[in-house]
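Be aware that the sequence shown starts at 264, since it is given in this note's numbering, and climbs by one per residue.
Read through the structure below, which is laid out as structure tokens, and then see the notes.
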Amino acid sequence: MVAAMVLAAGCGDSDVSLGSRPKDEDSGRDLARAVADHADCGSFEDYRLDAKDNWVFTCQKSDRLFGIRADVSPSNRADLIKKLRTEKQPYKAGHAFLVYEFQKSPGRANPAADLKNFPGTLSLPDS
Numbered sequence: 264m265v266a267a268m269v270l271a272a273g274c275g276d277s278d279v280s281l282g283s284r285p286k287d288e289d290s291g292r293d294l295a296r297a298v299a300d301h302a303d304c305g306s307f308e309d310y311r312l313d314a315k316d317n318w319v320f321t322c323q324k325s326d327r328l329f330g331i332r333a334d335v336s337p338s339n340r341a342d343l344i345k346k347l348r349t350e351k352q353p354y355k356a357g358h359a360f361l362v363y364e365f366q367k368s369p370g371r372a373n374p375a376a377d378l379k380n381f382p383g384t385l386s387l388p389d390s
């Protein structure tokens with residue numbers, strides 16, 4: 264009976280941990296959806312799934328579009344983090360995901376405030 268309960272607990276999208284590491288496109292989508300659900304995003308869509316070790320999804324929150332990138336390895340995100348820092352764009356990072364403003368909204372004050380409901384550690388740009 265215990266084995267059946269453990270087996271049942273492993274089924275379904277809601278069981279994805281924010282600390283899990285995706286192995287393929289489907290598990291990347293599950294992780295990104297968990298991130299979006301945590302932030303109460305209004306929509307969730309696949310964006311770029313042509314890579315073998317990272318996948319990008321988008322979600323709409325308020326009037327902003329955010330990118331959620333799921334990575335097989337933390338080393339895969341170095342280029343994106345460098346780009347975000349160069350653009351002085353805040354982002355949130357988790358064990359195997361990054362959340363960032365996908366389409367920058369010019370003139371918006373405090374873009375980091377819109378990231379507050381997403382999980383992960385906030386990284387602010389240098390002034």
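Cβ coordinates follow ideal geometry from the N, Cα and C atoms, glycine included.
My output table needs one value for Asn373: the three-state DSSP class, helix, strand or coil. Working through the sequence shown from its first residue, we reach residue 373 at position 110. Three-state result, Asn373: coil.
Who are the Cβ neighbours of Pro391 in its own chain at under 7 Å, not counting the five residues just before and after it? Within the shown structure, residues of the chain are numbered from 264 to 390, placing residue 391 beyond reach of any answer.
Would you be able to state if there are at least three C-beta pairs under 8 Å between the segment 319-327 and the segment 302-309? yes
The beta strand (DSSP E) spanning Val319 covers which residue range? The residue labelled residue 319 in the question sits at position 56 within the sequence shown. Segment Asn317 to Lys324, the beta strand (DSSP E) holding Val319.
What number of angstroms, rounded off, separates the C-alpha of Ser280 from the C-alpha of Ala356? The count along the sequence shown starts at 1 and reaches residue 280 at position 17. The count along the sequence shown starts at 1 and reaches residue 356 at position 93. Their Cα atoms are separated by approximately 14 Å.
Our contact map puts Pro382 next to His301 with C-beta atoms below 8 Å; I'd like the distance itself, whole angstroms only. In the sequence shown, residue 382 corresponds to position 119, counting from 1. In the sequence shown, residue 301 corresponds to position 38, counting from 1. With 8 Å as the limit, Pro382 and His301 qualify as a contact, their Cβ atoms being about 5 Å apart.
Within this structure, are the beta carbons of Val298 and Val362 separated by less than 8 Å? Looking up residue 298 in the sequence shown gives position 35. Looking up residue 362 in the sequence shown gives position 99. Taking 8 Å as the Cβ cut-off, Val298 and Val362 qualify as a contacting pair.
Would Leu387 and Pro353 qualify as a contact pair, given that the criterion is a beta-carbon distance under 8 Å? Here residue 387 is taken as the residue at index 124 of the sequence shown, counted from 1. Here residue 353 is taken as the residue at index 90 of the sequence shown, counted from 1. Yes, Cβ-Cβ distance for Leu387 and Pro353 is below 8 Å.
What separation, rounded to the nearest whole angstrom, lies between the Cα atoms of Thr349 and Lys367? For the purposes of this step, residue 349 is taken as the residue at position 86 of the sequence shown. For the purposes of this step, residue 367 is taken as the residue at position 104 of the sequence shown. Looking at the two C-alpha atoms, the distance is approximately 14 Å.
Could you give the first and the last residue of the continuous beta strand (DSSP E) run that contains Ser283? Numbered from 1 along the sequence shown, position 20 holds the residue referred to as residue 283. Here Ser283 belongs to no beta strand (DSSP E), and DSSP marks it neither H nor E.
Per DSSP, cross-strand counterpart(s) of Leu385: Counting from 1 along the sequence shown, the entry for residue 385 is found at position 122. Per DSSP, Lys355.
Are the beta-carbon atoms belonging to Asp316 and Asn339 less than 8 Å from one another? Working through the sequence shown from its first residue, we reach residue 316 at position 53. Working through the sequence shown from its first residue, we reach residue 339 at position 76. In contact: Asp316 and Asn339 (Cβ atoms closer than 8 Å).
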